[in-house]
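Numbered according to mature numbering (1 follows the signal peptide of the UniProt record, and there is no 0), the sequence shown spans residues -22 to -1, 1 to 176.
Worksheet: the structure to be examined is printed underneath.
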Amino acid sequence: QMFSFALIIWGIFQWVPECVITLSTEEHKTRDAFVLSWTTYSTVGYGHVSPSVDGPECNLLQVVCVYEAMVGVLYAGFAAAVLFAKVWADQGIADVEFSDGLILRFGPAEIDPHEYQKEEDLQSSSDDSDDDESNNEIHGDGRLPPKSTFPPLRRRPSHLKTHHPYPVLEFRIANKLEATRLNLMLDAKIECVVASET
């Protein structure tokens, strides 16, 4: 693109030499056209070579320089975006290691084994307290009731004991760079493919 604009600027320079301000001699028109093209394309600013704004005959060169600067800015923006996306995609892949063993769980505990254990512990403590209250009941004459008259234990229904219709596949993932500073896994996403024989 820059060379194409340099060719256009060179043609305008040959047609209207006074539209390009330069300190070079006549035989350096080709070099001056290329310098004007790359300084306009990269938007670094003009130096010894710059377009002239005097006279209507230089309007064409001004339009070409404006269009070339716009194309250069867009090209630089797209190049930076592509480079950033490549670097981000490379850094976005975590260096992890999957466990060799897999666990396929069925039954009521596959929802969350920790919550299930908490629920069981809570029921056990509730049953023990009910048992203690029943044992401490005393008749009016001071005698304890026989064990056969103790009320049955009350158990609270647990929503975790309902059977989950789907099995749960469990495995572990280890971050190899966990010990390195600023190498945490955030907003991780895992894509899995399951193949089964029918």
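Built from N, CA and C at the ideal position, the CB exists for glycine as well.
Excluding the 5 residues preceding and the 5 following residue i in the sequence, name in chain order all residues of the same chain whose CB lies nearer than 7 Å to its CB.
{"i": "T21", "result": "A47, G50, V51"}
{"i": "L82", "result": "P145, L147"}
Using C-beta distances below 8 Å, list every residue in its chain close to residue i, excluding the 5 sequence neighbours before and after it, in chain order.
{"i": "V31", "result": "Q40"}
{"i": "T8", "result": "W(-13)"}
{"i": "E75", "result": "I151, A152, K154"}
{"i": "L160", "result": "none"}
{"i": "Q(-9)", "result": "K7"}
Just the Cα atoms here: how many angstroms apart are residue i and residue j?
{"i": "P145", "j": "A173", "result": "15 Å"}
{"i": "V60", "j": "Q69", "result": "14 Å"}
{"i": "F128", "j": "E169", "result": "In this prediction, F128 has a pLDDT of 44, which is less than 50 and means its spatial position is unreliable; nothing more can be read from the coordinates."}
{"i": "D165", "j": "F149", "result": "18 Å"}
{"i": "Q(-22)", "j": "S15", "result": "10 Å"}
{"i": "P34", "j": "Y24", "result": "21 Å"}
{"i": "F(-20)", "j": "A157", "result": "50 Å"}
{"i": "F84", "j": "K167", "result": "24 Å"}
{"i": "E5", "j": "Y45", "result": "27 Å"}
{"i": "V171", "j": "Y53", "result": "39 Å"}
{"i": "F56", "j": "S77", "result": "41 Å"}
Just to check my reading of the structure: residue i and residue j have Cβ atoms closer than 8 Å, yes? What is that Cβ distance to the nearest angstrom?
{"i": "T18", "j": "D10", "result": "Actually they do not touch by this definition, with Cβ atoms about 12 Å apart."}
{"i": "V27", "j": "V13", "result": "5 Å"}
{"i": "M163", "j": "A72", "result": "5 Å"}
Between which residues of its own chain and residue i is the CB-CB distance below 6 Å, once the five residues before and five after are set aside?
{"i": "C(-4)", "result": "S30, C36, L39"}
{"i": "I(-15)", "result": "V42"}
{"i": "R3", "result": "Before going further, note that residue 3 is Thr rather than Arg in the sequence given. Nothing meets the Cβ criterion."}
{"i": "A(-17)", "result": "A11, F12, S15"}
{"i": "G79", "result": "none"}
{"i": "V65", "result": "none"}
{"i": "A58", "result": "none"}
State the start and end residues of the unbroken beta strand (DSSP E) segment that holds residue i.
{"i": "L162", "result": "Unbroken run through L162: none, as it is neither H nor E."}
{"i": "A152", "result": "151 to 153"}
{"i": "I81", "result": "81 to 83"}
{"i": "L14", "result": "Where L14 is concerned, there is no enclosing beta strand (DSSP E), although the alpha helix (DSSP H) it sits in stretches over 7 to 20."}
{"i": "L147", "result": "146 to 148"}
{"i": "I27", "result": "Reading off the sequence, residue 27 comes out as Val, not Ile. V27 -> no beta strand (DSSP E), and no H or E assigned at all."}
{"i": "V172", "result": "Neither: V172 is in no beta strand (DSSP E) and is coded neither H nor E."}
{"i": "E75", "result": "74 to 76"}
First and last residue of the alpha helix (DSSP H) that includes residue i?
{"i": "E46", "result": "37 to 69"}
{"i": "G(-12)", "result": "-21 to -8"}
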